[in-house]
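The structure under discussion appears below in the form of structure tokens.
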Amino acid sequence: MERFACGVLSRWTVCRLQRCRQSHIQPSAGAPSLVLGIETSCDDTGAAVLDETGRILGEALHSQNEVHLKTGGIVPTVAQCLHRENISRVVQEALDRSGVPPSALSAVATTVKPGLALSLGIGLQFSLNFVRLHKKPFIPIHHMEAHALTVRMLSPVEFPFLVLLVSGGHSLLVLAKGIDDFLILGQTLDEAPGDTLDKVARRLSLIKHPKCSRLSGGQAIELLAKEGDRRQFPFKSPMGQQYDCSFSFAGLRSQVTMAIDKKEKEEGIEPGQLLSCVGDIAAATQHTIASHLAKRTHRAILFCKAKGLLPQDSPTLVVSGGVASNEYIRETLRIVTDATGLQLLCPPSKFCTDNGVMIAWNGIERLKEGKGILSHTQEVRYEPKAPLGRDISAEVRDAAIKIPPLKLKIKC
Ligand code: KG4
Ligand code: ZN
């Protein structure tokens, strides 16, 4: 199968794959399954209509990124207000582009957990009104389950596979055993890597940088890091003495903040002005995050191998979530998968960040297996906090696997 160097499916391959899958699908007795997916768990209002082969018939997305950049972070009441203003239009656009009338939908799938309460509430209320009006089944979706399964829309990956989910709200290493069956090997003890990148970008006032004014923190750091020299700021990699798969990024953020404070004094500038060495700080921050993610993932792979949790044939690591868009992080992880004999699959960037497509696909997967499908009359609540699966991180910690040293030298 044609892939980019790090196992990313090219756009062309994705289209071809979808066409080819379509032609192999046996026509079902009834009409093909069509699912409307709706995402509002954080700051993106997304909607999409997919058929059972994963073909995207119509999609629409409204990003609140620019607004939140100006306010210096996501203000939940602002996010709620913007979801409320945009959700009808976004869903209507996705439906119009698909040419599918609501009456032809098999079900509506919507993120109900985890996420910002006020944001989840808007998507859920809209969806419940919609399914009641059109008398359609409702499929509540776990946001991180959707990130984990997106890859199966693009590539025929069988369970079980290992997944690293990294976003603005999460940092998780999980073994996906089935569409709703996950083992948590490790997760963040404090903040998520996307949150760290966003906060560092804010502390560096990257919104004032001519190349970064419209980019998320993670995107801005990735862009500026290309021009920087990470060796100028040798930040300490987190949790070197803990032989588990947990993550921690708060300590790194303190190191970065202290380095910025010091440089501002040296350069005689006030916080809020751009430092001359933003590229070096971006490169060092990105590298330390990439190396921390790679080391914990390496240990998770060795743990899964030792316990026989991954298949002998084509063991796979999937990386998804907004931070997985980062090429440097992907390349660092590729060094780990090359050394351990796993194939690395990363969905294209647009499917890594939040969108309605991944929610609709999760709905298709659940519809196929008949799991978690509710009638339009059932009550559903949103859950701001919700574990993705059974936590076996204590078992991973007790195994105390030491990872062999790997040279994480990246060019991009
Ligand atoms: O999955 P996502 O869209 O929303 C959450 O569920 O959190 O992830 C958003 C996060 C943000 O923190 C953003 O800064 C980060 O993903 N992100 C990136 C990149 N693009 C987005 N981080 C690093 N490199 C990128 N290219
Ligand atoms: Zn997400």
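Numbering (our numbering), first residue to last: 51 to 462.
Built from N, CA and C at the ideal position, the CB exists for glycine as well.
Taking 6 Å as the cut-off, does the CB of residue i come closer than this to any heavy atom belonging to the ligand ZN?
i: residue 93; result: no
i: residue 83; result: no
i: residue 217; result: yes
By alpha-carbon positions, which one of the options ends up nearest to residue i?
i: residue 397; options: 245, 198, 334; result: 198
i: residue 239; options: 84, 221, 431; result: 221
i: residue 339; options: 146, 234, 406, 243; result: 243
i: residue 370; options: 383, 361, 359; result: 383
i: residue 441; options: 366, 248, 225; result: 225
i: residue 285; options: 293, 266, 307; result: 307
i: residue 218; options: 432, 421, 373; result: 373
i: residue 298; options: 410, 216, 409; result: 216
i: residue 392; options: 445, 311, 210; result: 210
i: residue 332; options: 403, 170, 259, 288; result: 259
i: residue 148; options: 363, 179, 87, 169; result: 87
i: residue 314; options: 303, 327, 302, 427; result: 327
i: residue 200; options: 412, 423, 445, 448; result: 412
i: residue 322; options: 348, 366, 250; result: 250
i: residue 400; options: 102, 81, 113, 82; result: 113
i: residue 202; options: 276, 102, 296; result: 102
i: residue 125; options: 139, 92, 318; result: 92
i: residue 84; options: 312, 407, 439, 347; result: 407
i: residue 457; options: 388, 138, 444, 233; result: 388
i: residue 454; options: 132, 290, 276; result: 290
i: residue 223; options: 183, 360, 214; result: 214
i: residue 191; options: 207, 349, 173, 184; result: 173
i: residue 449; options: 171, 127, 235, 267; result: 235
i: residue 380; options: 336, 354, 262; result: 336
i: residue 329; options: 352, 270, 386; result: 270
i: residue 253; options: 183, 232, 305, 287; result: 305
i: residue 446; options: 341, 107, 246, 357; result: 357
i: residue 418; options: 105, 375, 248, 229; result: 229
i: residue 415; options: 204, 212, 185, 288; result: 204
i: residue 405; options: 82, 81, 98; result: 98
i: residue 426; options: 151, 320, 189; result: 189
i: residue 245; options: 231, 227, 255, 266; result: 266
Under the DSSP definition of a beta bridge, which residues are partnered with residue i?
i: residue 445; result: Looking at the DSSP assignment, residue 445 forms no beta bridge with any residue, so it has no partner.
i: residue 212; result: 225, 367
i: residue 262; result: DSSP, once it has assigned bridges, lists no residue as partnering residue 262.
i: residue 107; result: Partner(s): none; residue 107 has no beta bridge.
i: residue 491; result: Here the chain covers residues 51 to 462 and nothing more, so residue 491 does not appear.
i: residue 100; result: 85, 106
i: residue 232; result: 226
i: residue 147; result: Answer is none; residue 147 lacks a bridge partner.
i: residue 94; result: 113
i: residue 237; result: 222
Cβ of residue i within 6 Å of any heavy atom in the ligand KG4?
i: residue 387; result: no
i: residue 123; result: no
i: residue 272; result: yes
i: residue 373; result: yes
i: residue 403; result: yes
i: residue 265; result: no
i: residue 278; result: no
i: residue 86; result: no
i: residue 115; result: no
i: residue 269; result: yes
i: residue 311; result: no
i: residue 376; result: yes
i: residue 15; result: With the chain covering 51 to 462 only, the question about residue 15 has no answer from this structure.
i: residue 247; result: yes
i: residue 173; result: no
i: residue 406; result: no
i: residue 329; result: no
i: residue 244; result: yes
- Does the pairing of the segment 118 to 125 with the segment 152 to 160 give three or more beta-carbon distances under 8 Å? no
- Item | Three-pair Cβ contact test at 8 Å for the segment 167 to 186 versus the segment 426 to 433 | yes
- the segment 136 to 153 contacting the segment 437 to 452, beta-carbon criterion three pairs below 8 Å: no
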